[in-house]
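Per the working numbering, residue 65 is the first one in the sequence shown, and the count goes up by one each step.
No residue lacks a Cβ here, since even glycine has one placed at the ideal position from N, Cα and C.
Since we're looking at a predicted model, the values are computed, not measured.
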Amino acid sequence: PPSFVGRETELARLHAHISSATFQRLAIHGLGGCGKTALALETAYRVKEHQPAWAVFWVPAVSRETFEQAFRDIGTALNIPGIAEANANVKRLVRAKLSDQSLGPWLMVLDNADDISVLFNPLKTGGSGERLIDFVPHSCKGSVLFTTRTRKAAVDLAGGTALQLGELDEREAKELLRARLFPDNHILLEDEGIVREFLEMLAFLALAIVQAVAFINKNNSTLKEYLSIYKDSEEDAIELLSKDFEDQGRYRDTKNPVATTWYISFKQMQRQNPLAADYLSFMACTAGKSIPASLLPPGGSKMVTMEAMGTLSSYAFITERQQQHGIEGKGGERMYDMHRLVCLASRNWLRDHQRWKVWANKALSRLIEVIPYGGHEEREVWPAYLPHAVHLVNISGVCKTEDRIALLDRVGRCEHSLGRYGSAEVAHRQVLEQRVATMGKEHSDTLISMNEGKYAEAEKMHRETLALREKVSGKEHPDTLTSIYCLAYTLSQQYQYDDALSLYHRAYTGYERTLSSTHPTTQACLEHYSSLRQTYDPDLSTGGVSIFDIA
65 PPSFVGRETE
75 LARLHAHISS
85 ATFQRLAIHG
95 LGGCGKTALA
105 LETAYRVKEH
115 QPAWAVFWVP
125 AVSRETFEQA
135 FRDIGTALNI
145 PGIAEANANV
155 KRLVRAKLSD
165 QSLGPWLMVL
175 DNADDISVLF
185 NPLKTGGSGE
195 RLIDFVPHSC
205 KGSVLFTTRT
215 RKAAVDLAGG
225 TALQLGELDE
235 REAKELLRAR
245 LFPDNHILLE
255 DEGIVREFLE
265 MLAFLALAIV
275 QAVAFINKNN
285 STLKEYLSIY
295 KDSEEDAIEL
305 LSKDFEDQGR
315 YRDTKNPVAT
325 TWYISFKQMQ
335 RQNPLAADYL
345 SFMACTAGKS
355 IPASLLPPGG
365 SKMVTMEAMG
375 TLSSYAFITE
385 RQQQHGIEGK
395 GGERMYDMHR
405 LVCLASRNWL
415 RDHQRWKVWA
425 NKALSRLIEV
435 IPYGGHEERE
445 VWPAYLPHAV
455 HLVNISGVCK
465 TEDRIALLDR
475 VGRCEHSLGR
485 YGSAEVAHRQ
495 VLEQRVATMG
505 KEHSDTLISM
515 NEGKYAEAEK
525 MHRETLALRE
535 KVSGKEHPDT
545 LTSIYCLAYT
555 LSQQYQYDDA
565 LSLYHRAYTG
575 YERTLSSTHP
585 TTQACLEHYS
595 SLRQTYDPDL
605 STGGVSIFDI
615 A
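Rendered as structure tokens:
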């Protein structure tokens with residue numbers, strides 16, 4: 065393909081593999097759309113260019129039918145005796161011919177070996193007999209190159225000889241963009257900021273870049289216009305990633321859009337490891353970065369969970385971050401990142417199958433389960449959950465209101481425990497707004513929320529809360545006294561000492577009547593009251609009188 069760029073390190077390794085004096089198998093694996101087929105195709109052309117004596121065979125391993133047709137074509141091209149006979153065992157004849165060293169050197173590419181059952185399942189029903197993989201030839205003058213989306217398949221196909229293919233680097237991505245754009249559109253590359261934003265948005269993924277450029281060329285559009293459409297909404301973004309396009313480097317009867325390639329992988333994974341598919345659905349509801357392993361719902365034994373996460377990693381849907389170490393010798397926490405475009409496609413997959421709201425609410429319930437009401441217990445663990453909680457509660461129209469409020473309340477208290485008061489205030493205000501909207505101002509939970517906020521603005525809320533509590537619960541109710549206590553504290557922080565002292569006295573005497581003088585809340589209120597009296601009037605001393613008498 066004339067638009068192939070970069071990958072020189074990988075091409076050098078493939079050349080060394082193919083030029084080896086002994087029979088070799090090697091598998092290229094990586095995320096769907098990263099350019100595995102393009103790399104294998106470039107390798108095949110370079111072999112023919114630099115080593116014209118070699119025979120090169122291409123076998124699509126998408127299905128049993130494509131495999132068998134390719135072997136029939138190989139047999140015909142080599143004029144193998146008996147290949148055209150009606151009862152010929154084509155696969156055996158081709159294997160025997162290529163395994164014969166007199167044929168000379170050859171390279172066979174088995175492309176798209178994604179569904180491992182195609183090659184490894186018995187050809188006859190009953191679970192025994194030959195498999196397609198058994199017909200792959202073996203010769204010290206031959207080399208076999210597989211391409212597959214999963215690391216597990218790569219290990220099964222080639223043992224430890226595997227090459228993981230990732231995204232393009234920035235230089236390669238720019239070269240691909242230039243190679244694919246119409247020459248008249250090369251002027252679009254002059255804005256380096258827009259170019260970088262465009263490539264970053266597509267995660268430097270080869271197929272996504274090729275697909276986007278096809279759209280731009282076809283519609284005489286610009287990079288900036290494509291960016292604008294993509295960023296308008298998730299729906300617009302996934303529509304762009306789902307646009308079909310023509311590409312000579314891909315199979316004619318295969319859907320080309322990058323989102324479609326992943327949907328195929330999703331289906332395969334659902335069959336192979338349902339727990340892995342569940343974890344992918346769960347992780348699609350998070351912020352997508354730094355997802356703690358402990359946040360995932362329990363899935364059974366450690367081995368079952370490990371296999372599920374291994375499957376996700378094998379498909380390159382997730383990558384494990386460098387292990388984060390806890391404090392106080394409590395060990396580390398595994399953290400995972402989800403590929404950004406895969407995350408987007410996963411959400412759309414869930415929407416298309418009417419499972420988006422189901423999984424979003426499962427994720428929210430799990431976050432409520434693991435996030436405490438602040439405090440210091442397990443403080444080395446739960447802060448990592450907060451970004452995912454904030455992300456989820458800000459997705460509108462998905463989660464139940466009461467659950468969103470419950471999670472936001474926890475987030476606000478945790479942020480306060482961490483000393484992040486600005487973030488705490490944002491969460492508490494969201495709780496208050498939603499409680500007022502759903503429960504009304506006089507509901508007890510709403511009244512609790514009204515006690516949160518900045519001191520400068522809290523006074524108004526506390527006074528409103530106090531008036532409502534007196535109306536709803538009465539002047540001597542402990543909740544009313546708590547509102548008086550909160551208002552007193554707020555006024556004291558604003559240096560309104562006279563009013564604060566009066567309210568502290570009122571709260572204390574009320575607590576003494578309703579809770580008793582020895583109750584912890586009564587004593588805490590008394591401590592605040594006495595401390596403020598001494599701060600406000602340093603000359604004040606007890607003169608041997610008990611602190612209770614002062615009150």
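With contact counted as at least three CB pairs below 8 angstroms, one residue from each stretch, are the stretch 422 to 439 and the stretch 325 to 337 in contact? no
Within 10 angstroms of its Cβ, does S619 collect 16 or more other Cβ (buried), or is it exposed?
As shown, the chain starts at 65 and ends at 615. That puts residue 619 outside it, with no answer to give.
Check: If you drop the 5 nearest sequence neighbours on each side, which residues of the same chain put their C-beta closer than 6 angstroms to that of A520?
Finding: Counting from one through the sequence shown, the residue named residue 520 turns up at place 456. With a pLDDT of only 45 at A520, under the threshold of 50, the placement of this residue in the model should not be trusted, and no figure is reported.
Next item on the list: Measure from the alpha carbon of S207 to the alpha carbon of each residue in W118, T286, L291, then state which is nearest.
Entry: Counting from one through the sequence shown, the residue named residue 207 turns up at place 143. The candidate whose alpha carbon is nearest that of S207 is W118.
| Secondary structure of R484, DSSP reduced to three states | Sequence index remark: in the sequence shown, residue 484 carries index 420 (1-based). In this structure, R484 counts as coil in the three-state DSSP scheme.
For this session: Let me know the secondary structure DSSP gives P124 once reduced to three states.
Result: Position 60 of the sequence shown, counted from the start, is the residue given in the question as residue 124. Residue state, collapsed to three classes: strand.
Report all residues from its chain with a CB closer than 8 angstroms to the CB of A134; omit the five preceding and five following residues, and keep chain order.
Along the sequence shown, read from residue 1 onward, the residue named residue 134 stands at position 70. Hits under 8 angstroms: F121, W122, V123, P124.
query = Is L450 buried or exposed, if buried means 16 or more other CB atoms sit within 10 Å of its CB?
reply = Here residue 450 is taken as the residue at index 386 of the sequence shown, counted from 1. Buried.
Is K238 close to the ligand SAM? I mean its beta-carbon at under 6 angstroms from any heavy atom of the ligand. The ligand SAM is absent from the structure shown, which contains no ligand whatsoever.
**Asked** Looking at the unbroken alpha helix (DSSP H) that takes in D175, where does it start and where does it end?
**Response** Here residue 175 refers to the residue found at position 111 when the sequence shown is read from its first residue. Not the alpha helix (DSSP H): D175 falls in the beta strand (DSSP E), residues 170 to 175.
Would you mind sorting L456 into buried or exposed? The rule is 16 or more other CB atoms within 10 Å of its CB. Within the sequence shown, numbered from 1, the residue matching residue 456 stands at position 392. The residue is buried, with at least 16 neighbouring Cβ atoms inside 10 Å.
Please state whether the Cβ-Cβ distance between M402 and I382 is less than 7 angstroms. On the sequence shown, position 338 is the one that residue 402 refers to. On the sequence shown, position 318 is the one that residue 382 refers to. Yes, these two residues count as a Cβ contact at 7 angstroms.
R415, enclosing alpha helix (DSSP H) - first and last residue
The residue given as residue 415 occupies position 351 in the sequence shown. Its alpha helix (DSSP H) spans residues 404 to 416.
- Message: Quick check on this structure: which residue in G374, K366, N283, N425 has the alpha carbon closest to the alpha carbon of C349?
- Response: By 1-based counting over the sequence shown, the position of residue 349 is 285. It is N425 whose Cα lies nearest to the Cα of C349.
message = Let me make sure I understand the geometry here. Which of L229, V536, K155 has the alpha-carbon closest to that of A104?
response = In the sequence shown, counting from the first residue as 1, residue 104 sits at position 40. Checking every option, the nearest Cα to that of A104 belongs to L229.
- How long is the line joining the alpha carbons of V126 and V158, rounded to whole angstroms? Here residue 126 refers to the residue found at position 62 of the sequence shown. Here residue 158 refers to the residue found at position 94 of the sequence shown. Rounded to whole angstroms, V126 to V158 spans 19 angstroms at the Cα level.
Next on the checklist: Counting C-beta neighbours from all protein chains within 10 Å, is the total for Y294 16 or more, i.e. buried, or is it exposed?
Outcome noted: On the sequence shown, residue 294 is found 230 positions in, with the first residue counted as 1. The residue is buried, with at least 16 neighbouring Cβ atoms inside 10 Å.
Classify F68 as helix, strand or coil using the three-state DSSP reduction.
Against the sequence shown, residue 68 aligns to sequence position 4. Residue state, collapsed to three classes: coil.
- Message: Considering only the alpha carbon of each residue, which of R235, L183, K205, E264 lies closest to S166?
- Response: Position 102 of the sequence shown, counted from the start, is the residue given in the question as residue 166. Considering only alpha carbons, the answer is K205.
*A491 and L472: beta carbons closer than 7 angstroms?*
Taking the first residue of the sequence shown as position 1, residue 491 is located at position 427. Taking the first residue of the sequence shown as position 1, residue 472 is located at position 408. Yes, Cβ-Cβ distance for A491 and L472 is below 7 angstroms.
- request: Let me know the secondary structure DSSP gives I280 once reduced to three states.
  value: Here residue 280 is taken as the residue at index 216 of the sequence shown, counted from 1. Reduced to three states, the DSSP call for I280 is helix.
| said: Once DSSP output is grouped into helix, strand and coil, what is the label at V445? | reply: Counting from 1 along the sequence shown, the entry for residue 445 is found at position 381. In the structure shown, V445 sits in coil (DSSP, three-state: anything other than H, G, I, E or B).
Margin query: Does the stretch 245 to 260 come into contact with the stretch 210 to 218, if we say contact requires no fewer than three beta-carbon pairs (one atom in each stretch) closer than 8 angstroms?
Written below: no
Opening and closing residue of the alpha helix (DSSP H) in which F262 lies: Locating residue 262 in the sequence shown gives position 198, counting from the first residue. Per DSSP, F262 belongs to the alpha helix (DSSP H) from 256 to 265.
query = When you compare only the Cα positions, how much space is there between E442 and R415?
reply = In the sequence shown, the residue the question calls residue 442 occupies position 378. In the sequence shown, the residue the question calls residue 415 occupies position 351. Looking at the two C-alpha atoms, the distance is approximately 35 angstroms.
**Q.** Bridge partners - T554, DSSP secondary structure assignment
**A.** What you label residue 554 is simply residue 490 of the sequence shown in a count that begins at 1. Answer is none; T554 lacks a bridge partner.
_Out of I355, T107, A150, P145, which one is the CA nearest neighbour of D175?_
Looking up residue 175 in the sequence shown gives position 111. Closest by alpha carbon: T107.
request  = For V200, count neighbouring Cβ atoms within 10 angstroms of its own Cβ and tell me buried if that reaches 16, exposed if not.
outcome  = What you label residue 200 is simply residue 136 of the sequence shown in a count that begins at 1. Buried, by the Cβ-count rule.
So the alpha helix (DSSP H) F184 belongs to, where does it begin and stop?
-> To locate residue 184, count along the sequence shown from 1; it is residue 120. Taken as a continuous stretch (DSSP letters only), the alpha helix (DSSP H) holding F184 covers 180 to 184.
On the DSSP bridge assignment, give the partners of L209 in chain order. Here residue 209 is taken as the residue at index 145 of the sequence shown, counted from 1. BP columns for L209 point to L90, V173.
Less than 8 angstroms between C-beta atoms, sequence neighbours within five positions excluded: which residues of the same chain meet that for L359?
Taking the sequence shown and counting its residues from 1, the one referred to as residue 359 is at position 295. Here the set comprises T350, R430, L431, V434, A448, Y449, H452.
request  = Report all residues from its chain with a CB closer than 7 angstroms to the CB of V454; omit the five preceding and five following residues, and keep chain order.
outcome  = Mapped onto the sequence shown, residue 454 falls at position 390. Within the same chain, V454 has close Cβ partners V475.
Worksheet item: Ordered along the chain, which non-local residues of its own chain (more than five positions away) have a Cβ less than 8 angstroms from that of R77?
Response: Looking up residue 77 in the sequence shown gives position 13. Answer for R77: L227, listed in chain order.
Work out the CA separation of L428 and D342 for me, nearest whole Å. The count along the sequence shown starts at 1 and reaches residue 342 at position 278. The count along the sequence shown starts at 1 and reaches residue 428 at position 364. Cα to Cα, D342 sits roughly 15 angstroms from L428.
Smallest Cα separation from R89: which of A148, A150, L171? Residue numbering aside, residue 89 sits at position 25 when the sequence shown is read from its first letter. Nearest C-alpha to R89: L171.
request  = Pick out whichever of S83, L232, S297 has its Cα sitting closest to the Cα of V274.
outcome  = Within the sequence shown, numbered from 1, the residue matching residue 274 stands at position 210. The residue with the shortest Cα to Cα distance from V274 is L232.
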